[in-house]
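S.K.: One structure, pasted below without further comment.
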Amino acid sequence: MPRSADTHALTHLDEDTVEAVAGTLRALADPTRIRLIEELEERGRASVGGLAASQPLTRQAISRQLCVLHAAGIVRRRREGMRVLYELGDWTGPWLVSQLAASLDSRS
Numbered sequence: 298m299p300r301s302a303d304t305h306a307l308t309h310l311d312e313d314t315v316e317a318v319a320g321t322l323r324a325l326a327d328p329t330r331i332r333l334i335e336e337l338e339e340r341g342r343a344s345v346g347g348l349a350a351s352q353p354l355t356r357q358a359i360s361r362q363l364c365v366l367h368a369a370g371i372v373r374r375r376r377e378g379m380r381v382l383y384e385l386g387d388w389t390g391p392w393l394v395s396q397l398a399a400s401l402d403s404r405s
């Protein structure tokens, strides 16, 4: 398969790197988590309750999904008074999702 000019070779990845990449991809491989990433990118940060108000899920379900994203390093959380706020940990999650979406759009 030909490579574009900005494609990086995926050769010689050590086992730890392969496991870390697989863990991140597993965390992203859920429609609800993708929606949460999208919403956090738009809002900047939000509480579980704030996210649950715009999603068709319970607060408990949102919290479970955020825990998966937090464990993968995709989101971070911080306490502000009595509330815990979530925000994106870095640009990698939203970037991967947008790149995959663009790739899928170009196929159709």
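Take any residue in the sequence shown, note its place counting from 1, add 297, and you have its number in the working numbering. C-beta atoms are modelled at their ideal positions from N, C-alpha and C, and glycine is treated no differently.
Taking Cβ to Cβ, would you say V394 is nearer than 8 Å to L385?
M.R.: Their beta carbons are not under 8 Å apart, which means V394 does not touch L385 by this criterion.
S.K.: Please classify L393: does DSSP put it in a helix, a strand, or coil?
M.R.: L393: helix per DSSP, three-state reduction.
S.K.: What does the Cβ neighbour count give for V318, buried or exposed, with the cut at 16 atoms within 10 Å?
M.R.: Looking at its Cβ environment, which holds fewer than 16 other Cβ atoms inside 10 Å, V318 is exposed.
S.K.: How far does the alpha helix (DSSP H) with L310 in it extend, from its first residue to its last?
M.R.: Premise fails: L310 is in no alpha helix (DSSP H) and is neither H nor E.
S.K.: For the alpha helix (DSSP H) containing L333, list its first residue and its last residue.
M.R.: Residues P328 to R340.
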